[in-house]
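Peer 1: Chains as they are written, first to last, in my numbering: chain A, 33 to 99; chain B, -10 to 140. Where a beta carbon is used, it is the ideal one built from N, C-alpha and C, also for glycine. Please read all numbers here as calculations on a predicted model, not as lab measurements. Following this message is one structure expressed as structure tokens.
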Amino acid sequence: MPREIDREGVRRLVDQGAQLVEVLPAHEYEEEHLPGAVNLPLRRLEEQAADVLDRTRAVVVYCWDSA
Amino acid sequence: MYDYVAGKLDWLAAGGPIEGTDAATPRAGDVARGDVPTCGLDERLGEVQERTRPAGFDACVVVNQERVVLGLLRAKELDGDPASRIEAAMRPGPSTFRPHVRIQEMAHHMVDHDLENSPITTSDGRLVGLLRRDDALRVAHGRHQAEGDAT
């Protein structure tokens, strides 16, 4: 289970080298995303995560909101 | 793995930096005046009058020590009795807006609701600045013209 974090947690982890992953559809990611985030839409997350992400660094995923 | 559960909306609402094709779109937080005069609940209106209009503003935002917005003194409240306490003179709980709202959307809203000024705050209520309708309209109009020129 992913561990829930807040905005300050995101900043702290990114400063420590964490990877940011936006799981929203590509067009939403292209319009605006957190600095340095990569896009892995939810339906492709499992199949592409191993190719895109560095296993040695922490991963922070986010979508639009908590709803 | 970590889950930023509050997500992109929370990040934008806090005025966090963004990347992407819409990153350059002017937002409420970009246009809001961060130098708007502020005051506390315990001050007297006369003290606030002395520093608000000379600073070029016809509104003052009432905040607490953490800069959380508590109220707004608009032009008509600023014209009140100088001896009155801010807590009694202010308009409490004004509508606030988040920094990421696109300026064109803000301009329409302020015209539709006849708002001269709108406090822009983070999602936890801290003041970013005061958006003046004239500023919103000027930037939104410039943006509209730029989009028209591009088509």
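Assuming residue 69/B and residue 30/B are in contact, meaning their beta carbons sit under 8 Å apart, how far apart are those beta carbons, in whole angstroms?
Peer 2: As a position in the second sequence, residue 69/B is number 80, starting the count at 1. As a position in the second sequence, residue 30/B is number 41, starting the count at 1. Residue 69/B to residue 30/B, Cβ: 15 Å. No contact.
Peer 1: CB residue 36/A to CB residue -8/B, shorter than 7 Å?
Peer 2: Along the first sequence, read from residue 1 onward, the residue named residue 36/A stands at position 4. Along the second sequence, read from residue 1 onward, the residue named residue -8/B stands at position 3. In terms of Cβ geometry, residue 36/A and residue -8/B form a close pair [threshold 7 Å].
Peer 1: Identify the continuous alpha helix (DSSP H) that holds residue 148/B and give its terminal residues.
Peer 2: Summary: the structure shown does not reach residue 148/B, with chain B confined to residues -10 through 140, and so no result is reported for it.
Peer 1: Could you please give the first and the last residue of the uninterrupted beta strand (DSSP E) stretch that includes residue -8/B?
Peer 2: Walking along the second sequence from the start, residue -8/B turns up at place 3. That run of the beta strand (DSSP E) goes -9 to -7.
Peer 1: Specify the secondary structure class of residue 43/B as computed by DSSP and reduced to three states.
Peer 2: On the second sequence, position 54 is the one that residue 43/B refers to. Helix, per DSSP.
Peer 1: Taking 6 Å as the cut-off, is the C-beta of residue 126/B nearer than that to any heavy atom in the ligand SAH?
Peer 2: Looking for the ligand SAH in the displayed structure turns up nothing, as the structure carries no ligands at all.
Peer 1: Suppose the cutoff is 6 Å on Cβ atoms and the five residues either side in sequence are ignored; what does the same chain contact list for residue 45/A look like?
Peer 2: The residue given as residue 45/A occupies position 13 in the first sequence. Hits under 6 Å: 90, 92.
Peer 1: The stretch 8 to 19 of chain B: which residues have C-beta closer than 9 Å to a C-beta of chain A, in chain order?
Peer 2: 8, 9, 10, 11, 12, 14
Peer 1: Mapping DSSP to helix, strand and coil, what is residue 91/B?
Peer 2: Position 102 of the second sequence holds residue 91/B. Assignment of residue 91/B by DSSP, reduced to helix, strand and coil, places it in the strand class.
Peer 1: With distances taken Cα to Cα, identify the nearest neighbour of residue 46/B among 21/B, 55/B, 56/B.
Peer 2: Indexing the second sequence from 1 puts residue 46/B at position 57. Of 21/B, 55/B, 56/B, the smallest CA-CA separation from residue 46/B is found for 21/B.
Peer 1: Could you check whether the stretch 11 to 18 of chain B touches the stretch 84 to 91 of chain B, counting it as contact only if at least three pairs of C-beta atoms, one from each stretch, sit closer than 8 Å?
Peer 2: The stretch 11 to 18 of chain B is in contact with the stretch 84 to 91 of chain B.
Peer 1: If you check the beta carbons only, do residue 107/B and residue 126/B fall under 7 Å apart?
Peer 2: Taking the first residue of the second sequence as position 1, residue 107/B is located at position 118. Taking the first residue of the second sequence as position 1, residue 126/B is located at position 137. No, the Cβ-Cβ distance between residue 107/B and residue 126/B is not below 7 Å.
Peer 1: Using a C-beta cutoff of 7 Å, does residue -2/B count as contacting chain A?
Peer 2: Position 9 of the second sequence holds residue -2/B. Chain A, which has a Cβ nearer than 7 Å to the Cβ of residue -2/B, makes this yes.
Peer 1: Using a threshold of 7 Å, state whether the C-beta atoms of residue 86/A and residue -2/B are closer than that.
Peer 2: Indexing the first sequence from 1 puts residue 86/A at position 54. Indexing the second sequence from 1 puts residue -2/B at position 9. Result no, Cβ atoms of residue 86/A and residue -2/B do not sit closer than 7 Å.
Peer 1: Can you give me the C-alpha to C-alpha distance between residue 63/B and residue 130/B, rounded to a whole angstrom?
Peer 2: For this step, residue 63/B is matched to residue 74 along the second sequence. For this step, residue 130/B is matched to residue 141 along the second sequence. Straight-line Cα distance between these residues: approximately 25 Å.
Peer 1: Just the C-alpha distance for residue 76/A and residue 63/A, rounded to the nearest angstrom, thanks.
Peer 2: On the first sequence, position 44 is the one that residue 76/A refers to. On the first sequence, position 31 is the one that residue 63/A refers to. C-alpha separation (whole angstroms): 19 Å.
Peer 1: Alpha helix (DSSP H) containing residue 1/B: first to last residue?
Peer 2: Walking along the second sequence from the start, residue 1/B turns up at place 12. Bounds of the alpha helix (DSSP H) holding residue 1/B are -4 to 2.
Peer 1: What's the C-alpha gap between residue 12/B and residue 81/B?
Peer 2: In the second sequence, counting from the first residue as 1, residue 12/B sits at position 23. In the second sequence, counting from the first residue as 1, residue 81/B sits at position 92. If you draw a straight line from the Cα of residue 12/B to the Cα of residue 81/B, it comes to about 33 Å.
Peer 1: Closer than 7 Å, Cβ to Cβ, to anything on chain B: give me those residues from the stretch 66 to 88 of chain A, in chain order.
Peer 2: 66, 67
Peer 1: Which full runs of the alpha helix (DSSP H) of 4+ residues lie inside the stretch 61 to 89 of chain B, going along the chain?
Peer 2: 64 to 67, 75 to 78
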